[in-house]
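Chemist:
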Amino acid sequence: MKKIGFVKELITSLNSSIKKRLLHQGAKTSDIVQQYISLIKCMQILDPSGLLLEQVSDPIKKYLRDREDTIKCIIQIIVDDNNNDLLEGFSKQDINSFNDMNMDDFDNDNWMPELLEVDIANEAVKKKNIDIISTLLNIYDSKDMFIKEFQELLANRLLALKSYDTKRELKNVELLKLRFGESSLQLCEVMVKDISSSRRIDYNIHSNINYTNSNHSIEDKMIEDKNNNDNDNNNLPLRAKILSHLYWPPFKKYNLKFPKEIQKYADIYSKKYSTLKPSRKLQWLPYLGNVSLTVELEDRVLSFDDLTPLQAIILYHFQEKDQWELDVLANELEVTPSLVKRGIVFWINKGIMKEISKNVFKILEKEEEILIDMEEQTQMEEIDEINTIQDSKDQQMEKMRIYWTFISNMVTNLGGMTIERIHQMLQVCLSDYKSQLKQLESFLELMVQENKLELNGDIYTIKK
Numbered sequence: 001m002k003k004i005g006f007v008k009e010l011i012t013s014l015n016s017s018i019k020k021r022l023l024h025q026g027a028k029t030s031d032i033v034q035q036y037i038s039l040i041k042c043m044q045i046l047d048p049s050g051l052l053l054e055q056v057s058d059p060i061k062k063y064l065r066d067r068e069d070t071i072k073c074i075i076q077i078i079v080d081d082n083n084n085d086l087l088e089g090f091s092k093q094d095i096n097s098f099n100d101m102n103m104d105d106f107d108n109d110n111w112m113p114e115l116l117e118v119d120i121a122n123e124a125v126k127k128k129n130i131d132i133i134s135t136l137l138n139i140y141d142s143k144d145m146f147i148k149e150f151q152e153l154l155a156n157r158l159l160a161l162k163s164y165d166t167k168r169e170l171k172n173v174e175l176l177k178l179r180f181g182e183s184s185l186q187l188c189e190v191m192v193k194d195i196s197s198s199r200r201i202d203y204n205i206h207s208n209i210n211y212t213n214s215n216h217s218i219e220d221k222m223i224e225d226k227n228n229n230d231n232d233n234n235n236l237p238l239r240a241k242i243l244s245h246l247y248w249p250p251f252k253k254y255n256l257k258f259p260k261e262i263q264k265y266a267d268i269y270s271k272k273y274s275t276l277k278p279s280r281k282l283q284w285l286p287y288l289g290n291v292s293l294t295v296e297l298e299d300r301v302l303s304f305d306d307l308t309p310l311q312a313i314i315l316y317h318f319q320e321k322d323q324w325e326l327d328v329l330a331n332e333l334e335v336t337p338s339l340v341k342r343g344i345v346f347w348i349n350k351g352i353m354k355e356i357s358k359n360v361f362k363i364l365e366k367e368e369e370i371l372i373d374m375e376e377q378t379q380m381e382e383i384d385e386i387n388t389i390q391d392s393k394d395q396q397m398e399k400m401r402i403y404w405t406f407i408s409n410m411v412t413n414l415g416g417m418t419i420e421r422i423h424q425m426l427q428v429c430l431s432d433y434k435s436q437l438k439q440l441e442s443f444l445e446l447m448v449q450e451n452k453l454e455l456n457g458d459i460y461t462i463k464k
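First residue of the sequence shown? That's 1 in the UniProt record's numbering, and the numbers climb one at a time after it.
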């Protein structure tokens with residue numbers, strides 16, 4: 001390549017292949033980012049100067065900027081345990097290159113742009129230490145978006161922990177502090193500290209009630225409690241993560257409630273916590289956390305270690321009666337039917353429930369019923385579990401709700417309106433309205449889903 005001057009042809013060929021094979025709607029964002037990382041590593045070998053990479057990476061960066069989930073994918077890849085070399089492969093010196101890119105040449109009056117052909121062919125060209133993380137972060141102009149996305153990812157990871165072990169998360173925070181600075185990761189430090197503090201508080205609460213044997217299952221503790229009703233404090237089949245809510249990303253709001261038996265234990269836990277922290281009070285979030293259960297049916301016993309509270313509470317209600325209508329169960333749980341359906345689909349796919357008629361479900365006590373049922377219907381598609389942390393889009397939708405009264409009155413009084421007209425009126429009439437047209441479109445789609453608006457062609461009208 002050096003001898004025959006093949007650099008321009010190589011750049012043209014690479015750009016053509018990248019656009020044709022990678023930069024299209026059929027490719028997952030995570031796959032594009034992974035291929036971009038592979039390209040960076042390859043270019044480090046072919047051209048240590050980094051000039052070739054600059055020429056072929058621009059189309060990729062431009063394309064990724066237009067995808068909504070790019071930042072999420074980059075953060076997930078960076079903190080993935082399989083990519084430790086990415087996060088650990090930089091030092092404090094790399095931070096300066098990220099914050100002050102090419103500042104050495106800023107005051108140089110004799111600076112000239114590098115000549116691509118000459119420098120790549122030059123054996124003595126200064127090799128650049130191409131930092132993969134910096135290259136990924138430089139897709140965007142601001143680091144704030146990455147920090148916010150990492151906060152949301154960290155929150156979900158901490159809430160999903162089955163224990164109080166935060167070594168992995170703390171390591172990621174410390175390494176990213178080198179990248180972004182300590183002040184940028186203060187909220188993340190508080191979140192990790194909350195979980196570590198919860199370990200100590202939980203230990204003290206369980207020690208105070210003389211029950212610290214973590215090898216006992218929740219079911220064992222509940223059985224012992226039934227045999228020893230004289231002393232509720234001897235058994236406490238739950239552990240809590242105590243969060244400083246002002247430092248955590250906003251939570252989605254679900255009106256899920258504990259069953260009475262579990263609420264009793266939660267009240268005991270709260271009382272013990274108030275004894276340790278007299279000036280504080282716990283507010284329980286029943287839809288967060290994970291549950292371990294043993295399910296006893298007529299001819300089999302099944303164990304589950306990582307259930308969501310919703311899944312566990314749904315199954316709990318099938319102890320009272322062996323079949324439920326969807327709407328009735330949703331009313332009993334005080335959550336939406338769509339959320340209940342998510343949990344029921346999980347149990348259907350585990351062979352524990354079946355739909356016997358439209359939105360009516362029953363427990364399958366015997367395994368032979370499962371075999372008959374599988375002949376009648378294919379396995380239902382499992383719905384993604386509930387995401388309890390509001391992502392950026394969720395938060396934007398919540399902010400947009402303050403304009404709903406104005407929008408509904410406007411559409412009612414002026415008749416059907418296009419989204420462009422609604423956007424224009426909001427900009428003219430409301431000085432604090434700063435949303436983009438695409439954000440308004442997402443909000444209006446949500447209003448259609450909530451049966452507040454109708455969309456006929458490109459005209460929005462009030463749902464009657």
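Ideal Cβ positions, reconstructed from N, Cα and C, are used throughout, including at glycine.
Can you give the Cα-Cα distance for Asn-331 and Gln-283, rounded to whole angstroms?
Modeler: The residue you call residue 331 lines up with position 331 of the sequence shown. The residue you call residue 283 lines up with position 283 of the sequence shown. Roughly 23 Å separates the two Cα atoms.
Chemist: Taking buried to mean at least 16 other C-beta atoms within 10 Å of its own C-beta, is Gln-311 buried or exposed?
Modeler: Residue mapping note: residue 311 aligns to position 311 of the sequence shown, counting from 1. Gln-311 should be labelled buried.
Chemist: Assign Phe-443 to buried or exposed, taking buried as 16 or more other Cβ atoms, counted over all protein chains shown, within 10 Å of its Cβ.
Modeler: Sequence index remark: in the sequence shown, residue 443 carries index 443 (1-based). That one is buried.
Chemist: Do Tyr-316 and Pro-259 come within 8 Å of each other at the CB atom, strictly closer than that value?
Modeler: As a first step, residue 259 is located in the sequence shown; it is residue number 259 there, counting from the start. As a first step, residue 316 is located in the sequence shown; it is residue number 316 there, counting from the start. Result yes, Cβ atoms of Pro-259 and Tyr-316 sit closer than 8 Å.
Chemist: How long is the line joining the alpha carbons of Leu-446 and Leu-426, rounded to whole angstroms?
Modeler: One-based indexing of the sequence shown puts residue 446 at position 446. One-based indexing of the sequence shown puts residue 426 at position 426. Near 18 Å, if we compare the C-alpha coordinates of Leu-426 and Leu-446.
Chemist: Let me confirm a value: Ile-348 is counted as buried when at least 16 other C-beta atoms fall within 10 Å, else exposed. Which label applies?
Modeler: To locate residue 348, count along the sequence shown from 1; it is residue 348. So Ile-348 ends up on the buried side.
Chemist: Among Asn-156, Gln-319, Ser-57 and Glu-261, which residue has its Cα nearest to the Cα of Leu-243?
Modeler: Stepping through the sequence shown from its first residue, residue 243 is reached at position 243. Of Asn-156, Gln-319, Ser-57 and Glu-261, the residue nearest in Cα terms is Asn-156.
Chemist: In the DSSP output, what is Thr-355 paired with across the bridge?
Modeler: As a first step, residue 355 is located in the sequence shown; it is residue number 355 there, counting from the start. Note that residue 355 is Glu in the sequence shown here, rather than Thr. Bridge partners of Glu-355: Phe-361.
Chemist: Measure from the alpha carbon of Gln-44 to the alpha carbon of each residue in Gly-416, Pro-337 and Thr-135, then state which is nearest.
Modeler: Within the sequence shown, residue 44 is the residue found at index 44, counting from 1. When only C-alpha atoms are compared, the closest one is Thr-135.
Chemist: Name the residue from Lys-241, Tyr-273 and Val-291 whose alpha carbon lies nearest to the alpha carbon of Ser-207.
Modeler: Against the sequence shown, residue 207 aligns to sequence position 207. If we check each option's Cα against that of Ser-207, Tyr-273 comes out closest.
Chemist: Assuming Ile-40 and Ile-133 form a contact by the criterion Cβ under 8 Å, report the distance between their Cβ atoms to the nearest whole angstrom.
Modeler: The sequence position of residue 40 within the sequence shown is 40, counting from 1. The sequence position of residue 133 within the sequence shown is 133, counting from 1. Actually they do not touch by this definition, with Cβ atoms about 10 Å apart.
Chemist: Using only the alpha-carbon positions, how far apart do Leu-161 and Phe-251 sit?
Modeler: Position 161 of the sequence shown holds residue 161. Position 251 of the sequence shown holds residue 251. One C-alpha to the other measures close to 17 Å.
Chemist: If I measure Cβ to Cβ from Glu-169 and keep anything under 7 Å in the same chain, skipping five residues before and after, which residues do I get?
Modeler: The residue given as residue 169 occupies position 169 in the sequence shown. Correct list, in chain order: Leu-154, Arg-157, Leu-158 and Val-192.
Chemist: With DSSP collapsed to three states, give me the class of Gln-323.
Modeler: Numbered from 1 along the sequence shown, position 323 holds the residue referred to as residue 323. Gln-323 falls in the strand class under three-state DSSP.
Chemist: Determine, using beta carbons only, whether Asn-290 and Leu-302 come nearer to each other than 8 Å.
Modeler: Along the sequence shown, one-based indexing puts residue 290 at 290. Along the sequence shown, one-based indexing puts residue 302 at 302. No.
Chemist: Measuring CB to CB, does Glu-325 end up less than 8 Å from Val-360?
Modeler: To locate residue 325, count along the sequence shown from 1; it is residue 325. To locate residue 360, count along the sequence shown from 1; it is residue 360. Yes, the pair counts as a contact, with Cβ atoms nearer than the cut-off.
Chemist: Is the beta carbon of Val-340 sitting closer than 8 Å to the one on Ile-314?
Modeler: Locating residue 340 in the sequence shown gives position 340, where the first residue counts as 1. Locating residue 314 in the sequence shown gives position 314, where the first residue counts as 1. A contact, by the Cβ cut-off of 8 Å.
Chemist: Kindly list the residues whose CB is nearer than 6 Å to the CB of Leu-46, restricted to its own chain and excluding five residues on each side of it in sequence; keep chain order.
Modeler: Against the sequence shown, residue 46 aligns to sequence position 46. None.
Chemist: Give the range of the beta strand (DSSP E) segment to which Asp-144 is assigned.
Modeler: The sequence position of residue 144 within the sequence shown is 144, counting from 1. Looking at the DSSP string, Asp-144 is not in any beta strand (DSSP E); the run it does join, the alpha helix (DSSP H), is 144–160.
Chemist: Are the CB atoms of Leu-187 and Gln-151 within a distance shorter than 8 Å?
Modeler: To locate residue 151, count along the sequence shown from 1; it is residue 151. To locate residue 187, count along the sequence shown from 1; it is residue 187. Result yes, Cβ atoms of Gln-151 and Leu-187 sit closer than 8 Å.
Chemist: May I ask you to list the residues that DSSP assigns as paired with Asn-456?
Modeler: The count along the sequence shown starts at 1 and reaches residue 456 at position 456. Ile-459.
Chemist: Assuming the contact rule is C-beta atoms closer than 8 Å, Ile-459 and Met-417 should be a hit. Round their C-beta distance to whole Å, please.
Modeler: Along the sequence shown, read from residue 1 onward, the residue named residue 459 stands at position 459. Along the sequence shown, read from residue 1 onward, the residue named residue 417 stands at position 417. With 8 Å as the limit, Ile-459 and Met-417 qualify as a contact, their Cβ atoms being about 7 Å apart.
Chemist: What are the start and end residues of the beta strand (DSSP E) that includes Asp-66?
Modeler: For the purposes of this step, residue 66 is identified with residue 66 of the sequence shown, where counting begins at 1. Asp-66 -> no beta strand (DSSP E), and no H or E assigned at all.
Chemist: How about Leu-288 and Phe-304: do their beta carbons lie closer than 8 Å?
Modeler: Walking along the sequence shown from the start, residue 288 turns up at place 288. Walking along the sequence shown from the start, residue 304 turns up at place 304. No, the pair does not count as a contact, with Cβ atoms beyond the cut-off.
Chemist: On the CB-based measure, 16 or more other CB atoms within 10 Å of its CB, does Asn-229 come out buried or exposed?
Modeler: As a first step, residue 229 must be located in the sequence shown, where it is residue number 229. Because Asn-229 sits at a pLDDT of 42, beneath the cut-off of 50, its placement in the model cannot be relied upon, and the point is left open.
Chemist: Per DSSP, what are the beta-bridge partners of Ser-303 in this structure?
Modeler: Indexing the sequence shown from 1 puts residue 303 at position 303. DSSP, once it has assigned bridges, lists Thr-294 as partnering Ser-303.
Chemist: Tell me whether Thr-378 is buried or exposed, calling it buried when 16 or more other Cβ atoms sit within 10 Å of its Cβ.
Modeler: Taking the first residue of the sequence shown as 1, we reach residue 378 at position 378. For Thr-378, the predicted structure reports a pLDDT of 43, less than 50, and the residue's modelled location is therefore unreliable. The matter cannot be settled from this model.
Chemist: According to DSSP, is Phe-318 part of a helix, a strand, or is it coil?
Modeler: Your numbering for residue 318 matches position 318 in the sequence shown. If DSSP states are grouped into helix, strand and coil, Phe-318 belongs with coil.
Chemist: With a threshold of 6 Å on Cβ separation, who are the neighbours of Ile-75 within its own chain once the five nearest residues in sequence on each side are excluded?
Modeler: Residue numbering aside, residue 75 sits at position 75 when the sequence shown is read from its first letter. Hits under 6 Å: Glu-149, Phe-150 and Leu-153.
Chemist: Whole angstroms is fine: what's the gap from Ile-18's alpha carbon to Arg-421's?
Modeler: If you number the sequence shown from 1, residue 18 lands on position 18. If you number the sequence shown from 1, residue 421 lands on position 421. For Ile-18 and Arg-421, the distance between alpha carbons rounds to 39 Å.
Chemist: Can you tell me whether Val-125 is helix, strand or coil according to DSSP?
Modeler: For this step, residue 125 is matched to residue 125 along the sequence shown. Any reading at Val-125 needs caution, since the residue's pLDDT is 49, under 50, leaving its predicted position unreliable; the model's value is listed next. Coil.
Chemist: Mind checking whether Tyr-172 and Val-79 have CB atoms under 8 Å apart?
Modeler: As a first step, residue 172 must be located in the sequence shown, where it is residue number 172. As a first step, residue 79 must be located in the sequence shown, where it is residue number 79. It should be pointed out that residue 172 corresponds to Asn in this sequence rather than to Tyr. Taking 8 Å as the Cβ cut-off, Asn-172 and Val-79 qualify as a contacting pair.
Chemist: Going by the beta-carbon positions, is the gap between Lys-362 and Ile-356 smaller than 8 Å?
Modeler: For the purposes of this step, residue 362 is identified with residue 362 of the sequence shown, where counting begins at 1. For the purposes of this step, residue 356 is identified with residue 356 of the sequence shown, where counting begins at 1. In contact: Lys-362 and Ile-356 (Cβ atoms closer than 8 Å).
Chemist: Tell me Met-417's beta-bridge partners as DSSP assigns them.
Modeler: Position 417 of the sequence shown, counting from 1, holds the residue named residue 417. Tyr-460.
Chemist: Would you grab the beta carbon distance between Ser-30 and Cys-73 for me? Rounded to a whole angstrom, and I think it's under 8 Å.
Modeler: Here residue 30 corresponds to residue number 30 of the sequence shown, with the count starting at 1. Here residue 73 corresponds to residue number 73 of the sequence shown, with the count starting at 1. Confirmed, Cβ separation roughly 5 Å.
Chemist: Tell me which same chain residues have a C-beta within less than 7 Å of the C-beta of Ala-240, skipping the five on either side of it?
Modeler: As a first step, residue 240 must be located in the sequence shown, where it is residue number 240. Contacts found: Ser-198, Asp-202 and Tyr-269.
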